[in-house]
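Peer 1: Those sequence lines, one after another, are chains A and B. Quick note: the first sequence uses the working numbering, first residue 1, plus one each step. Quick note: the second sequence uses the working numbering, first residue 439, plus one each step. We treat Cβ as the ideally placed atom computed from N, Cα and C, and that holds for glycine. Just so we're clear, the structure is a prediction, and the values are computed from it rather than from any experiment.
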Amino acid sequence: MLKTVSKTGLVFFPAFDWAIDPTHPEREERLLYTQDQVFEEGLLDIDGIVEYKPDMATIQDIRRVHFCAPDEWSVLTESHLISAGGAKTIGIEVMEKRVKRGFALVRPPGHHAMRVVHGSRGFCNINIEAIMIEYLRETYNIDRVAIVDTDCHHGDGTQDIYWHDPNTLFISLHQDGRTLYPGTGFCYEMGGATAAGTTINIPLPPNTSEEGFLYALDHAILPILEDFKPQLIVNSAGQDNHYTDPITNMNFSAQGYAELTRRLKPDIAVLEGGYSIETALPYINVGIIMALAEMDFSRVREPDYQPEKIRQSRETGREIERVVEEVLDCWRKGPETREKYLAGKPFVPRGRSIFYDTDNILETQKENLRVCGDCGGVLSIDSETDTGYHIFAVHIPRKACKACQEMGYQWYDSADAKIYHQIFLQDRTHDQYLVRKA
Amino acid sequence: MIIGLDVGGTHTDVVLIGEDCILRQSKVPTNPSNLFESVWTALEEVTRDVPPESIRRAVLSTTLTTNAIAEQKMVEAAMIVSGGPGIDPECFRTGRHYFSVSGSINHRGREIQPVDPMEIEAIAALLKSEGVRHVGVVSKFSVRNPKHEIVIRDILGNDFENIVLGHRLSGNLSFPRRIATTYLNASVYPVHKKFFQAVQDSLQKKGLNIPIFILKADGGTMSLEASLNSPGQTILSGPAASVMGSLPFSSETDETLVLDIGGTTTDMAVLIRRVPLLDPVGSEVGGYKTLIRSLKTYSIGLGGDSTVRIVDGKLKIGPDRQGRAMAYGGPFPTPTDALFVLGKASNGDVEAARRGIQPLAEQLGMSLEDTANRIFDQACNMILEAAARMIDDINSKPVYTVQELLEGYQVKPKEILVLGGPAPYFAFRLAAMTEFQVHVVPQWNVANALGTGMAKNTCELTLFADTERGIAIAPEEQYYQQVKKDFDRQKAVDLAFKLLKDKCLQEGASESELEMEVLEDLQFNMVRDFYTTGKNIRIKVQIKPGLIPEFRDIAERLFNFCPLPGAN
Ligand SMILES: [Zn+2]
Ligand SMILES: [Zn+2]
Chain A
1 MLKTVSKTGL
11 VFFPAFDWAI
21 DPTHPEREER
31 LLYTQDQVFE
41 EGLLDIDGIV
51 EYKPDMATIQ
61 DIRRVHFCAP
71 DEWSVLTESH
81 LISAGGAKTI
91 GIEVMEKRVK
101 RGFALVRPPG
111 HHAMRVVHGS
121 RGFCNINIEA
131 IMIEYLRETY
141 NIDRVAIVDT
151 DCHHGDGTQD
161 IYWHDPNTLF
171 ISLHQDGRTL
181 YPGTGFCYEM
191 GGATAAGTTI
201 NIPLPPNTSE
211 EGFLYALDHA
221 ILPILEDFKP
231 QLIVNSAGQD
241 NHYTDPITNM
251 NFSAQGYAEL
261 TRRLKPDIAV
271 LEGGYSIETA
281 LPYINVGIIM
291 ALAEMDFSRV
301 REPDYQPEKI
311 RQSRETGREI
321 ERVVEEVLDC
331 WRKGPETREK
341 YLAGKPFVPR
351 GRSIFYDTDN
361 ILETQKENLR
371 VCGDCGGVLS
381 IDSETDTGYH
391 IFAVHIPRKA
401 CKACQEMGYQ
411 WYDSADAKIY
421 HQIFLQDRTH
431 DQYLVRKA
Chain B
439 MIIGLDVGGT
449 HTDVVLIGED
459 CILRQSKVPT
469 NPSNLFESVW
479 TALEEVTRDV
489 PPESIRRAVL
499 STTLTTNAIA
509 EQKMVEAAMI
519 VSGGPGIDPE
529 CFRTGRHYFS
539 VSGSINHRGR
549 EIQPVDPMEI
559 EAIAALLKSE
569 GVRHVGVVSK
579 FSVRNPKHEI
589 VIRDILGNDF
599 ENIVLGHRLS
609 GNLSFPRRIA
619 TTYLNASVYP
629 VHKKFFQAVQ
639 DSLQKKGLNI
649 PIFILKADGG
659 TMSLEASLNS
669 PGQTILSGPA
679 ASVMGSLPFS
689 SETDETLVLD
699 IGGTTTDMAV
709 LIRRVPLLDP
719 VGSEVGGYKT
729 LIRSLKTYSI
739 GLGGDSTVRI
749 VDGKLKIGPD
759 RQGRAMAYGG
769 PFPTPTDALF
779 VLGKASNGDV
789 EAARRGIQPL
799 AEQLGMSLED
809 TANRIFDQAC
819 NMILEAAARM
829 IDDINSKPVY
839 TVQELLEGYQ
849 VKPKEILVLG
859 GPAPYFAFRL
869 AAMTEFQVHV
879 VPQWNVANAL
889 GTGMAKNTCE
899 LTLFADTERG
909 IAIAPEEQYY
919 QQVKKDFDRQ
929 KAVDLAFKLL
939 KDKCLQEGAS
949 ESELEMEVLE
959 DLQFNMVRDF
969 YTTGKNIRIK
979 VQIKPGLIPE
989 FRDIAERLFN
999 FCPLPGAN
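Here's what the structure looks like:
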């Protein structure tokens, strides 16, 4: 009888009746062949692999992470709640120690969803990993969490949500932003003033293959994780680095993904992108499940897999070595950068434009962070869309000091209701969410 | 007239059912080492002086194949499996003659690597030289394209007595289960064939030229001829017999929990508005996870004869049975003895029962009656807890669409039907302990034989179409057809119904039994490079399990409602 080494939980939710639109990559068919392969391999019968039905995330779960404008139901559907709920279910099973690890094989994805949500960007509406993590923090009193995003696209949404959180290490491994959506994720993006260094970006050149991914893992990701000492490792397991993916240019494989998972040993994996639905996803997902369960995955491969055909060039290898050096340098510089900010101005502003490609909305944001020596610092966001919707949002972080808490409420109370359509307060110290309407 | 015959572990029950009553019923002890004798004795008794032409059919449920597996008395069929990429097929080895060969087919049903004929020829030669007569052939994704299984069979040729192909047994995905299912079907084939030919020959010799049907694990019947193609479907038909017998007495509007409380175990099943709930994948038997369609049943090691003892100061019942109750001369106290102590049973040695319970009472520091009551209550609680676990398990079954998840259909039985030896006593106590409506199945002692006799034919059929590849296949039926781009879900359902009907009639069903329904109907647009290139359609249809229509109503008239003991 086939048995796992580590008991592994699985939520499989292919949302066979949901699509962004009928020919969109994020459509009903996306996990169809993955289901076929997972069922045909008999993975769900293996002693030590447990399938769970996803819970639905609640509006309260979303409000720990996002400011949805004008409100939650305007920017999401039930399937987003199931997808986030699936991640949450796996998180609970892992925290309750009913399984050692877990995989939320769910759709739609979430890693491009930022703290403020006006609509859908990069196929994402709400950040399913962040919703899970903040639920687990609220329920199980965990603090230090690392997210390793192995999707081919920069996890800019997750980066945004944890930009100012020194207790969340966000590492994104992706195709260089100069060559792919969303065009961000450079090494110098290393976190806000109070959390400098806990955002790590590893932009890899196009055509990176197994060697390159595993090199970055062994020489950058694993040592940084070792330093950070997270209580929980979450893998945003996007699968669009595959050599057959239609919307990216990388040369990763099912064997590579499985090996990466084996070495990373994430507590929780959550599916993100991956649009080679027929020739990649079925094999990658079987590989990841078996790697999480610590089973032998050596025979899991694509029918046309020929490693020598997709091997990266020597120049690519050298470029990756250079990127890894730069990444490690950023990581080392984190603490001193934080010190520098602390000695500087009491508030750090940040202004940016955010484009919602899926919904075609342009948002302009003005952030203001209190540079606090005692916590991550209270944060305000003034956000206006090109459609004219204007909000003001205040985020009091989970471990905010008294002064930051008081300042947050003061910002919220004194915001001018004549300027904004809505004013929000997310008080993570009390797990509270307040809304004031004009 | 109809004969229903159920071979159980200890007894063989047989009934002769007439227009509106049971004409004859009989119970003979089962001889496990000679099941034929048990069956024959029962058939002789029930058919004595009956004009042969008045018997319409005989339906048999036996433990033959189940026992063959449990006691490893089946022949060990050789298995030839081709896996391709994925888990090493070696993990699913069935026995000494197990060959993992080259060849691979992907999830779309496309050939990735062909079969190597030389490799198969070498295996065929080896098997012949070792005198192996029974072979199973399985390839991964053969239900999407059976080509490799067929090619391998053709190479093996006519030199084997029976070759079982995996895709013919079930349309469901699961390579490991397909291997196990094929192996079991190939391995029980000789014992099944020998047995039922003996039954048929003996009946013919007696001039009883009646059609013989066999009960399947899903509570449906198939003809003797059809059973030769998939004898594995008879494995675990035992629990189905009782469940089918309780069907007429269950609620037409609600869900029902059926409890069959036997000597060693209590078996549970769920009826949804008189339709038994099936296992979504397939049964598990003797350590094999299979694709054999079966009722969703759950069994716990607790029955009237379970051993009662004190462990760490606490009362423990079962899961073992060491013999009959002490009241019937057994070696250890049992729940049945507790019933004797409580005066609820009296046709045995009450003093022996009291002697059995007394030491337990002393250890617990309780009176004899209190101890007996506690044993009884604990047994009831164990049953209720197990039932709750089973229902929980049914309700936690994952679903894969937003709509199904939002609907969140949950099974919530409102009534319990009890059958089995101590049924009346348990029913009374369960009614007092819970909110359930509790009833005893009338004539529970022959409900299994009745259920067997009145069960109708069941069938399932899977149809898979891929209009990009231009194919529609129903693997179990060896059906393969080219389809055009305009083939769609509705056409697929119509085709599936037509094939299902043909299959059922072929398996001996009559037109009146064909209550067909759609179990699954999915259609996906296949999009490549932002253009729709075809449709991927998956259909599953079935004949609803149930009782043959003309007997559904008669069954109710057969019995009066059986009142609970002590209720007045
Ligand atoms: Zn992506
Ligand atoms: Zn502070």
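Output the distance between the C-alpha atoms of Pro246 of chain A and Gly273 of chain A, rounded to the nearest integer angstrom.
Peer 2: Their backbone Cα atoms lie some 12 Å apart in a straight line.
Peer 1: Under 9 Å, Cβ to Cβ, is there at least one residue of chain B near Asp36 of chain A?
Peer 2: Output row for Asp36 of chain A: interface = yes.
Peer 1: Using a Cβ-Cβ cut-off of less than 7 Å, list which residues of the stretch 713–740 of chain B approach chain A; keep chain order.
Peer 2: Correct list: Lys727.
Peer 1: Beta carbon of His545 of chain B, beta carbon of Pro282 of chain A: below 9 Å?
Peer 2: Contact: yes.
Peer 1: Determine which residues share a DSSP beta bridge with Ala146 of chain A and list them.
Peer 2: The partner list for Ala146 of chain A (beta bridge, DSSP) reads A:Leu169, A:Ile233.
Peer 1: Terminal residues of the continuous beta strand (DSSP E) containing Ile49 of chain A?
Peer 2: Per DSSP, Ile49 of chain A belongs to the beta strand (DSSP E) from 47–52.
Peer 1: Any idea which residues DSSP pairs Cys124 of chain A with across the strands?
Peer 2: The partner list for Cys124 of chain A (beta bridge, DSSP) reads A:Arg121.
Peer 1: Rounded to the nearest angstrom, what separates Val348 of chain A and Ala193 of chain A at their Cα positions?
Peer 2: When rounded, the distance between both Cα atoms is 7 Å.
Peer 1: Say whether chain B places a C-beta atom closer than 9 Å to the C-beta of Tyr305 of chain A.
Peer 2: At least one chain B Cβ lies under 9 Å of Tyr305 of chain A.
Peer 1: Leu441 of chain A versus chain B: which residues are under 7 Å apart at the beta carbon?
Peer 2: Since the first residue of chain A shown is 1 and the last is 438, residue 441 of chain A is not available in this structure.
Peer 1: Using a Cβ cut-off of 7 Å, which residues of the stretch 564–582 of chain B contact any Cβ in chain A, in chain order?
Peer 2: Cβ contacts with chain A come from Lys578, Phe579.
Peer 1: Indicate whether the contact test is met: 3 or more Cβ pairs, each with one atom in the stretch 536–552 of chain B and one in the stretch 478–496 of chain B, closer than 8 Å.
Peer 2: The stretch 536–552 of chain B, when compared against the stretch 478–496 of chain B, does not touch it at the 8 Å Cβ threshold.
Peer 1: On the criterion of 16 or more Cβ atoms from any shown chain inside 10 Å, does Asn998 of chain B qualify as buried, or is it exposed?
Peer 2: Because Asn998 of chain B carries a pLDDT of 42, less than 50, the predicted location of this residue cannot be relied on, and no value is offered for it.
Peer 1: Measuring straight from C-alpha to C-alpha, what distance separates Ala1005 of chain B and Asp932 of chain B?
Peer 2: Note that Ala1005 of chain B scores 30 on pLDDT, short of 50, meaning its location in the model is unreliable; the coordinates nonetheless yield the value given after this. Those two C-alpha atoms are separated by around 52 Å.
Peer 1: Determine, using beta carbons only, whether Ile550 of chain B comes closer than 9 Å to chain A.
Peer 2: Yes, its Cβ sits closer than 9 Å to a Cβ of chain A.
Peer 1: Out of B:Ser492, B:Lys978, B:Gly676, point me to the one whose CA is closest to Gly645 of chain B's CA.
Peer 2: Answer by Cα proximity: B:Ser492.
Peer 1: Here's a check: name, in chain order, each residue in its chain whose Cβ is nearer than 6 Å to the Cβ of Ile90 of chain A, leaving out the five neighbours to either side.
Peer 2: So the qualifying residues of the chain are Gly9, Val11, Gly102, Ala104, Ile268.
Peer 1: Mind reading off the beta-carbon distance from Ala146 of chain A to Leu217 of chain A? Whole number of angstroms is fine, and I expect it under 8 Å.
Peer 2: Rounded, the Cβ-Cβ distance is 13 Å, inconsistent with contact.
Peer 1: Touching or not, the stretch 928–948 of chain B and the stretch 905–920 of chain B, by the rule of three or more beta carbon pairs under 8 Å?
Peer 2: As far as the Cβ criterion goes, the stretch 928–948 of chain B touches the stretch 905–920 of chain B, which means the pair count is three or higher.
Peer 1: When you compare only the Cα positions, how much space is there between Leu1002 of chain B and Asp743 of chain B?
Peer 2: Note on Leu1002 of chain B: pLDDT 38, under 50, position unreliable in the model; no value is reported.
Peer 1: From the beta carbon of Tyr838 of chain B, is the nearest beta carbon of chain A less than 9 Å away?
Peer 2: Yes, Tyr838 of chain B counts as interfacial toward chain A.
Peer 1: For the alpha helix (DSSP H) that contains Met290 of chain A, what are its first and last residues?
Peer 2: Counting along the chain, the alpha helix (DSSP H) containing Met290 of chain A begins and ends at 281–292.
Peer 1: In angstroms with no decimal places, state the Cα-to-Cα distance between Val484 of chain B and Val452 of chain B.
Peer 2: Approximately 7 Å between the Cα atoms of the pair.
Peer 1: Output yes or no for whether 9 Å exceeds the beta carbon distance between Glu367 of chain A and Glu384 of chain A.
Peer 2: Cβ distance not < 9 Å, so Glu367 of chain A and Glu384 of chain A don't count as in contact.
Peer 1: Taking Cβ to Cβ, would you say Val497 of chain B is nearer than 9 Å to Leu443 of chain B?
Peer 2: The answer is yes: Cβ separation under 9 Å.
Peer 1: Note the first and the last residue of the continuous alpha helix (DSSP H) segment covering Glu789 of chain B.
Peer 2: Residues 788–802.
Peer 1: Pull up the CB-CB distance for Thr896 of chain B and Thr672 of chain B, whole angstroms please, since I reckon it's below 8 Å.
Peer 2: Wrong, their Cβ atoms sit about 13 Å apart, outside the cutoff.
Peer 1: Run through the DSSP bridge pairs and tell me what Leu2 of chain A is partnered with.
Peer 2: Leu2 of chain A pairs with nothing; no bridge assigned.
Peer 1: If contact is defined by three or more beta carbon pairs under 8 Å, each pair taking one atom from either stretch, is the stretch 109–123 of chain A in contact with the stretch 64–73 of chain A?
Peer 2: Yes, since at least three Cβ pairs between the stretch 64–73 of chain A and the stretch 109–123 of chain A fall closer than 8 Å, the two stretches touch.
Peer 1: For the stretch 559–616 of chain B, list the beta strand (DSSP E) runs that are entirely contained and at least 3 residues long, ordered along the chain.
Peer 2: Correct list: 572–577, 600–603.
Peer 1: Under a Cβ-count criterion, where at least 16 other Cβ atoms within 10 Å of its own Cβ denotes burial, should Ala113 of chain A be classed as buried or exposed?
Peer 2: Ala113 of chain A comes out buried.
Peer 1: Could you name the residues of the same chain whose beta carbon sits closer than 8 Å to that of Phe228 of chain A, not counting the 5 residues immediately before and after it, in chain order?
Peer 2: These residues qualify, in order along the chain: Arg144, Ala146, Leu169, Thr198.
Peer 1: Please report whether the beta-carbon of Asp17 of chain A lies at a distance below 9 Å from any beta-carbon of chain B.
Peer 2: Judged by the 9 Å Cβ criterion, Asp17 of chain A is in contact with chain B.
Peer 1: Is the shortest distance between the beta-carbon of Lys309 of chain A and the beta-carbons of chain B less than 9 Å?
Peer 2: So, not an interface residue.
Peer 1: What does the alpha-carbon distance come out to for the pair His605 of chain B and Phe651 of chain B?
Peer 2: Distance between the alpha carbons of His605 of chain B and Phe651 of chain B: 24 Å.
Peer 1: Between the stretch 637–660 of chain B and chain A, which residues of the former have CB atoms less than 9 Å from a CB of the latter, in chain order?
Peer 2: Flagged: no residues at all.
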